[in-house]
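For the sequence shown, the positions run 1 to 174 when the numbering used here is used. Positions of the beta carbon are idealized from the N, C-alpha and C atoms, including for glycine. What follows is a set of notes on a single structure, which appears directly below.
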Amino acid sequence: MAEAAKWYVVHTYSGYENKVKNTIETTVKSRHLEDVIHVVSIPLETVTEITDNGPKTVERKVFPGYVLVKMIMSDDSWYIIKNIRGVTGFVGSGGKPTALTEEEVLALGMEKREIIVPYAVGDSVKITDGPFTSFTGVVDAIDVDDNSVRVIVPLFGRDTPIELELDEVEPVSE
Numbered sequence: 001m002a003e004a005a006k007w008y009v010v011h012t013y014s015g016y017e018n019k020v021k022n023t024i025e026t027t028v029k030s031r032h033l034e035d036v037i038h039v040v041s042i043p044l045e046t047v048t049e050i051t052d053n054g055p056k057t058v059e060r061k062v063f064p065g066y067v068l069v070k071m072i073m074s075d076d077s078w079y080i081i082k083n084i085r086g087v088t089g090f091v092g093s094g095g096k097p098t099a100l101t102e103e104e105v106l107a108l109g110m111e112k113r114e115i116i117v118p119y120a121v122g123d124s125v126k127i128t129d130g131p132f133t134s135f136t137g138v139v140d141a142i143d144v145d146d147n148s149v150r151v152i153v154p155l156f157g158r159d160t161p162i163e164l165e166l167d168e169v170e171p172v173s174e
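Given below as structure tokens:
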């Protein structure tokens, strides 16, 4: 298949999310559709609820009534998902399913990008973007989750910390 799989949102009856997810997964296995329908997911969040018995940690659905499916959209795959008991349809306009954008998928946490940082704390780096382009400094802290790096740059005789994005600096080749 030349087309890449994309994430789609499937609308379900409220409370049927787990049943729909299990039915889709069972159908994929029984019909050998693993190359068409890749992943079925229900976004969950961990929440601490305060009850009479004290704090209790529970998992709650982020979007009740919705299931996310990573699949290659075709008439056949659309038909299979659409005709599963509990599914009311795909999210989209004019009856046409709309795929989630890459930014939406990353914001939902459905797919993680592996970030390789070619420098470490204490390394000398050169700033490649922004108002401090071509300045050199020393990496003070790296936060991969926040996509930020703090670089100590000597400005006007003082060491000044500058917050930058991970891709705005590169290691200095000595």
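Under a 10 Å Cβ-count criterion, T133 is classified as exposed, with fewer than 16 other Cβ atoms of the shown protein chains found around its own Cβ. Ranked by Cα distance from E45, the first of W7, T57, V169 is T57. V153 has its alpha-carbon roughly 7 Å from the corresponding atom of F135.
In this structure, the beta-carbon distance from T23 to Y66 does not fall below 8 Å. In the structure shown, T101 adopts coil according to DSSP, grouped into three states. If you ignore the 5 residues before and after V47, its C-beta comes within less than 8 Å of the C-beta of T57, V58, E59, R60, all in its own chain and listed in chain order. The beta-carbon separation of V36 and I84, rounded to 14 Å, does not stay under the 8 Å limit for a contact. Residue pairing by DSSP places F90 opposite V10 in a beta bridge.
Inter-residue distance for E34 and K6 is about 14 Å (C-alpha atoms, whole angstroms). Take the alpha-carbon of Y79 and the one of Y16: they are about 19 Å apart. Within the same chain, Cβ atoms closer than 6 Å to the Cβ of S41 are found at L68, the five residues on either side in sequence being excluded.
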